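Before any comments, here is the structure.
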Amino acid sequence: MRLRRKPWVDQAIHDFDAFVFPKDAPASEEQQGHWAEVFGREAPLYVELGTGKGDFISQLAERTPAVNFIGIEAQQDVLYAAAKKVAAMELKNVRLLVFDINEIERIFAPGEVDRFFINFCDPWPKKRHYKRRLTYVGFLEKYRKLLKTGGELHFKTDNRPLFDFSLKQFEEAQLAVRDVSFDLHAEDRPENIMTEYERKFSGFGEKINRCEVVFP
Numbered sequence: 000m001r002l003r004r005k006p007w008v009d010q011a012i013h014d015f016d017a018f019v020f021p022k023d024a025p026a027s028e029e030q031q032g033h034w035a036e037v038f039g040r041e042a043p044l045y046v047e048l049g050t051g052k053g054d055f056i057s058q059l060a061e062r063t064p065a066v067n068f069i070g071i072e073a074q075q076d077v078l079y080a081a082a083k084k085v086a087a088m089e090l091k092n093v094r095l096l097v098f099d100i101n102e103i104e105r106i107f108a109p110g111e112v113d114r115f116f117i118n119f120c121d122p123w124p125k126k127r128h129y130k131r132r133l134t135y136v137g138f139l140e141k142y143r144k145l146l147k148t149g150g151e152l153h154f155k156t157d158n159r160p161l162f163d164f165s166l167k168q169f170e171e172a173q174l175a176v177r178d179v180s181f182d183l184h185a186e187d188r189p190e191n192i193m194t195e196y197e198r199k200f201s202g203f204g205e206k207i208n209r210c211e212v213v214f215p
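Residue numbers (numbering that gives the first Met the number 0): 0 to 215.
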């Protein structure tokens with residue numbers, strides 16, 4: 000669903016310039032290979048592709064302060080909500096970017112990322128749009144380039160057709176898949192952090208699919 004545009008956000012987002020790269024001052028090649036300097040420390044780098052309103056990244060960053068986190072979201076209006084959460088929690092290990100994931104190779108250097116997270120991405124259900132899915136092999140090759148050897152992708156979705164498609168793409172890309180779940184919440188994992196969509200969909204009784212992918 001397309002959100003109604005909020006013009007006032009374009010100015011309000013600058014309240015968080017300390018940790019947000021907005022659309023009028025986006026991340027660029029200047030940060031590529033230098034994210035440790037942006038954070039002011041050397042630490043593992045975890046990147047969430049499609050941060051939404053920030054529930055997942057803010058909670059995970061709070062739990063794991065020794066990790067640097069980057070959240071990428073194409074819609075600035077949505078990212079504004081995430082920025083407010085990060086600020087309220089006073090998280091120093093999070094940076095938020097308004098950015099097009101299709102161009103992700105412009106802002107990260109080869110081997111710079113330790114882990115990617117994809118949570119409840121657009122399933123692009125029409126067959127002709129399959130190359131737009133973030134787990135399509137074309138995207139996987141981009142992630143492979145940017146991840147350290149042995150880096151990981153953690154993937155969650157309520158959309159079973161997308162999950163089945165993704166498992167085939169992982170196999171085609173010769174990636175190792177582990178910890179596959181077709182009903183995550185039935186397993187009652189206390190370490191699981193729910194996104195806004197996950198909480199909504201699971202409340203409707205939808206089963207949540209999850210897996211971890213290792214890039215050798």
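C-beta atoms are modelled at their ideal positions from N, C-alpha and C, and glycine is treated no differently. Quantities reported herein were computed from a predicted structural model and do not represent experimental measurements.
Nearest neighbour of residue i, chosen from the options [CA to CA]
i    : options                : result
R132 : H184, F162, E36, F214  : F162
E170 : T134, E205, G204       : T134
K155 : V19, R209, A73         : R209
I100 : M88, E89, D121, D113   : D121
D216 : R143, Q31, I71         : There is no way to answer for residue 216, as the model of the chain reaches only from 0 to 215.
A108 : G32, G70, A87, P21     : G32
P223 : F115, E190, D187, T194 : Any question about residue 223 goes unanswered here, given that the chain covers just 0 to 215.
V19  : K5, A73, A65           : A73
A86  : N118, G53, I117        : G53
Y196 : I117, V176, L139, K22  : I117
I56  : I192, H128, V97        : I192
G51  : T194, V213, V212       : T194
V46  : A26, R188, F98, I71    : I71
F98  : N92, P215, I69         : I69
Classification of residue i by the beta-carbon crowding that lies within 10 angstroms, buried from 16 upward
i    : result
T181 : The sequence shown places Phe at residue 181, not Thr. Counting Cβ neighbours within 10 Å, F181 comes out exposed, since fewer than 16 surround it.
R94  : buried
K126 : exposed
Q75  : buried
N67  : buried
D178 : exposed
G149 : exposed
G110 : exposed
A17  : exposed
A24  : exposed
Q173 : exposed
D14  : exposed
R159 : exposed
M0   : Low local confidence applies: a pLDDT of 45 at M0 is under 50, so the model's placement there is unreliable, with the coordinate-based value given in what follows. It is exposed - the Cβ of M0 has fewer than 16 other Cβ atoms within 10 Å.
A175 : exposed
E151 : buried
P21  : buried
R4   : exposed
Identity of the residues DSSP links to residue i by a beta bridge
i    : result
H153 : F116, E211
V176 : V212
F20  : L96
I71  : L48, L96
L146 : V112
Residues of its chain near residue i, where Cβ-Cβ distance is below 6 Å and the 5 sequence neighbours each way are ignored
i    : result
K167 : none
D157 : F200, E205, I207
L96  : F20, A26, I71
Contact set for residue i: own chain, Cβ-Cβ below 7 Å, skip 5 residues either direction
i    : result
Y79  : V8, A11, I12
H184 : S201, I207
K130 : G137
Same chain, Cβ closer than 8 Å to residue i, five either side skipped, listed in chain order
i    : result
P28  : Per the sequence shown, residue 28 should be read as Glu rather than Pro. Within the same chain, E28 has close Cβ partners R105, I106.
G202 : none
K141 : I103, E104
Fill in: Meets three-Cβ-pair contact criterion under 8 Å: the region 31-42 and the region 54-63
no
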